[in-house]
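Its first residue numbered 5, the sequence shown is counted upward by one per residue in our numbering.
Glycine included, every Cβ here is placed at the ideal spot set by N, Cα and C.
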Amino acid sequence: MSKPTPSTTIPDDIAKLSFEEALGQLESLVRQLEQGQVGLDDAIASYERGAALKRHCADKLRAAEERIEKITLGADGRPNATPTEIE
């Protein structure tokens with residue numbers, strides 16, 4: 005397995021966030037950048053943080069998708085849970 009590079013490593017403070025917290029921070033950063041509320045250096049730092057927040061959110065969603073199960077009824081009428089194939 006390859007060693008994570010600095011561009012793919014999620015900072016510890018972001019890794020501790022829930023999906024909702026990370027998404028909220030990402031939305032806030034996007035608003036600030038869209039409104040031009042930050043200088044160039046801060047905009048670059050915000051962009052880098054935003055990229056890490058996006059990766060974190062994507063990882064959280066992927067983990068949630070892996071846990072989703074499809075519930076079906078068997079021939080005997082009892083429910084069966086099988087992993088869902090997500091495209």
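Cβ contact annotation for Ile14 (same chain, cutoff 8 Å, sequence separation greater than five): Ala56, Arg59, His60, Asp63, in chain order. Secondary structure at Leu21: coil, using DSSP grouped into helix, strand and coil. Glu70 places its beta carbon 8 Å or farther from that of Thr86. Leu77 counts as exposed, since fewer than 16 other C-beta atoms from the protein chains shown sit within 10 angstroms of its C-beta.
Around the C-beta of Leu65, fewer than 16 other C-beta atoms lie within 10 Å, and the residue is accordingly described as exposed.
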